[in-house]
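Below: one structure, written as structure tokens.
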Ligand code: HPA
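In this note's numbering, the protein residues as written are 183 to 450.
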């Protein structure tokens, strides 16, 4: 673990207490308000040297440590995306800190476009796997043999089944599917969407995959849920824009929040 992560974890424990965190939650578009409901301490990313600036509108850049549904969590109110600066490993330090805080799993959330007509805008999808369509990797440059990370079952089967159980209990429909990572920031062309769908992806987005690779590298279990904010390019006449993403995100986000809360309740 980097010295920097140890120092930051000590700083965080100094204000939030020593009790180990169980889960990390990375909040995507439309979910930032969940951080406000955690019973704990909010630390602005700006107070954590090396944390990303999380400059995307619709994100809330605090690290919040405390209890959510009775479970101690570390909530990342914002993430850094590759397209902001060209660094695929920008979330490495936050995930190292999460590990130092005692967590053994991270659950990422994101906004995504759908390639499946049975998964329209407003649905949610639990990731079963991903396709790294960007060809980028957050571990490029990592010098140790630990860089050769196995990626089978990267989306932890036990976490996935617990999330599906929570969805069932909350009577929320949650699809399951493969997420393709596209670098962004431009959206995909219809031809790219056709290609990605043909390769086996169900949804497409600009985040999460580098975080899951880093989580597996660090020995953290991972799970992820997408909120579908639009049909992918060329799939419908729906407009695709960041404003549209932000406007549509709350529909799926409300379902996702129920699933997350139910999942956490079941952990107590
Ligand atoms: N493509 C990529 N990222 C996205 C999309 C999309 O259609 N919708 C929300 N995030």
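By construction, the Cβ of each residue, glycine as well, lies at the ideal position given by its N, Cα and C atoms. Bear in mind that the values here come from a model prediction, so they are computed numbers and not experimental data.
- CB-CB length for residue 397 against residue 277, believed under 8 angstroms: For the purposes of this step, residue 397 is taken as residue 215 along the chain shown, with counting starting at 1. For the purposes of this step, residue 277 is taken as residue 95 along the chain shown, with counting starting at 1. Indeed they touch by this definition, with Cβ atoms about 6 angstroms apart.
- Message: Starting from residue 412, trace the alpha helix (DSSP H) in both directions and tell me its first and last residue.
- Response: As a first step, residue 412 must be located in the chain shown, where it is residue number 230. Careful: residue 412 lies outside any alpha helix (DSSP H), inside the beta strand (DSSP E) at 403–413.
- Task: Confirm the yes/no value for this check: CB of residue 315, any heavy atom of the ligand HPA, distance under 6 angstroms.
- Result: The residue you call residue 315 lines up with position 133 of the chain shown. No - the ligand HPA has no heavy atom lying nearer than 6 angstroms to the Cβ of residue 315.
- Message: So, at 6 angstroms on beta carbons, what are the nonlocal neighbours of residue 320 in its own chain, with the 5 sequence-adjacent residues on each side left out?
- Response: One-based indexing of the chain shown puts residue 320 at position 138. Result list for residue 320: 270, 271, 392, 395 and 396, in chain order.
- Query: How about residue 210 and residue 336: are their beta carbons less than 7 angstroms apart?
  - Reply: Residue numbering aside, residue 210 sits at position 28 when the chain shown is read from its first letter. Residue numbering aside, residue 336 sits at position 154 when the chain shown is read from its first letter. Contact: no.
- Item | Collapsed DSSP secondary structure at residue 450 in the structure displayed | Working through the chain shown from its first residue, we reach residue 450 at position 268. In this structure, residue 450 counts as coil in the three-state DSSP scheme.
- residue 408 versus 323, 302 and 244, residue with shortest Cα-Cα distance: By one-based count along the chain shown, residue 408 stands at place 226. Closest option to residue 408, Cα to Cα, is 302.
- Message: At the level of alpha carbons, what is the spacing between residue 240 and residue 388?
- Response: Here residue 240 corresponds to residue number 58 of the chain shown, with the count starting at 1. Here residue 388 corresponds to residue number 206 of the chain shown, with the count starting at 1. With a pLDDT of 48 at residue 240, under the threshold of 50, the modelled position of this residue cannot be trusted; read the value that follows with caution. Residue 240 and residue 388: Cα-Cα distance of roughly 14 angstroms.
- Message: When you compare the region 415–424 with the region 311–325, are there three or more beta-carbon pairs, one atom per stretch, that lie closer than 8 angstroms?
- Response: The answer is no - the region 311–325 does not touch the region 415–424, with fewer than three Cβ pairs under 8 angstroms.
- Taking only runs that begin and end inside the region 196–220, name each unbroken beta strand (DSSP E) of 3 or more residues, in chain order. The qualifying runs are 205–208.
- Query: How many Å lie between residue 344 and residue 371 at the Cα?
  - Reply: Residue numbering aside, residue 344 sits at position 162 when the chain shown is read from its first letter. Residue numbering aside, residue 371 sits at position 189 when the chain shown is read from its first letter. Rounded to the nearest angstrom, the two C-alpha atoms are 35 angstroms apart.
- Item | Endpoints, beta strand (DSSP E) assigned at residue 289 | Here residue 289 is taken as the residue at index 107 of the chain shown, counted from 1. Start and end: 287–296.
- Local Cβ density within 10 Å of residue 205, reported as buried at 16 or more and exposed below that: Indexing the chain shown from 1 puts residue 205 at position 23. If you draw a 10 Å sphere on the C-beta of residue 205, you find 16 or more other C-beta atoms in it, and that means buried.
- Query: Around the Cβ of residue 282, are there at least 16 other Cβ atoms within 10 angstroms (buried) or fewer (exposed)?
  - Reply: Within the chain shown, residue 282 is the residue found at index 100, counting from 1. So residue 282 counts as buried.
- Task: Would you decide whether residue 399 is buried or exposed? Buried here means 16 or more other CB atoms lie within 10 Å of its CB.
- Result: Translated into the one-based positions of the chain shown, residue 399 becomes position 217. Residue 399 comes out buried.
- Query: Nearest to residue 257 by alpha carbon, out of 263, 244 and 251?
  - Reply: Position 75 of the chain shown, counted from the first residue, corresponds to residue 257. A check of alpha carbon separations from residue 257 across 263, 244 and 251 identifies 244 as the nearest.
- Message: Distance check for residue 425 and residue 444, CA to CA, integer angstroms please.
- Response: On the chain shown, residue 444 is found 262 positions in, with the first residue counted as 1. On the chain shown, residue 425 is found 243 positions in, with the first residue counted as 1. Spanning the two alpha carbons is a distance of roughly 29 angstroms.
- Query: By how many angstroms is the C-alpha of residue 259 removed from the C-alpha of residue 213?
  - Reply: As a first step, residue 213 must be located in the chain shown, where it is residue number 31. As a first step, residue 259 must be located in the chain shown, where it is residue number 77. Going from the Cα of residue 213 to the Cα of residue 259 covers about 8 angstroms.
- Exposure of residue 423, with buried meaning 16 or more beta-carbon neighbours within 10 Å: Counting from 1 along the chain shown, the entry for residue 423 is found at position 241. When all chains shown are included, residue 423 counts as exposed.
- By Cβ distance, which residues of its chain are closer than 7 angstroms to residue 332, with the 5 residues on each side in sequence left out? What you label residue 332 is simply residue 150 of the chain shown in a count that begins at 1. Excluding residues within five positions, none has a Cβ falling inside 7 angstroms.
- Message: What I want to know is whether the C-beta of residue 411 ends up closer than 6 angstroms to one or more non-hydrogen atoms of the ligand HPA.
- Response: Stepping through the chain shown from its first residue, residue 411 is reached at position 229. Within the cutoff, so yes.
- Roughly how far, in whole angstroms, is the beta-carbon of residue 216 from the beta-carbon of residue 248, given that I think they are within contact range, below 8 angstroms? Along the chain shown, one-based indexing puts residue 216 at 34. Along the chain shown, one-based indexing puts residue 248 at 66. Actually they are not in contact, since the Cβ atoms of residue 216 and residue 248 sit about 12 angstroms apart, beyond 8 angstroms.
- Query: Does the beta-carbon distance from residue 307 to residue 373 come in below 7 angstroms?
  - Reply: Looking up residue 307 in the chain shown gives position 125. Looking up residue 373 in the chain shown gives position 191. No. Outside cutoff.
- Message: Short of 6 angstroms in beta carbon distance, which residues of its chain neighbour residue 298, apart from the five on each side in sequence? Order them along the chain.
- Response: As a position in the chain shown, residue 298 is number 116, starting the count at 1. Within its own chain, the residues whose Cβ lies closer than 6 angstroms to the Cβ of residue 298, once the five positions on either side in sequence are excluded, are 384, listed in chain order.
- Task: Identify, in the order they occur along the chain, each residue of the same chain with its Cβ nearer than 6 angstroms to the Cβ of residue 340, setting aside the five sequence neighbours on each side.
- Result: As a position in the chain shown, residue 340 is number 158, starting the count at 1. So the list is empty, once near-sequence residues are dropped.
- Check whether the Cβ atoms of residue 264 and residue 365 sit closer than 7 angstroms, and answer yes or no. Reading the chain shown from its first residue, position 82 is the one you call residue 264. Reading the chain shown from its first residue, position 183 is the one you call residue 365. Yes.
- Message: Within 10 Å of its beta-carbon, does residue 359 have 16 or more other beta-carbons around it, so buried, or fewer, so exposed?
- Response: For this step, residue 359 is matched to residue 177 along the chain shown. Per the 10 Å Cβ criterion, buried.
- Task: Return the CA-CA distance between residue 295 and residue 410, expressed in angstroms with no decimal places.
- Result: Locating residue 295 in the chain shown gives position 113, where the first residue counts as 1. Locating residue 410 in the chain shown gives position 228, where the first residue counts as 1. Whole-angstrom Cα-Cα distance: 6 angstroms.
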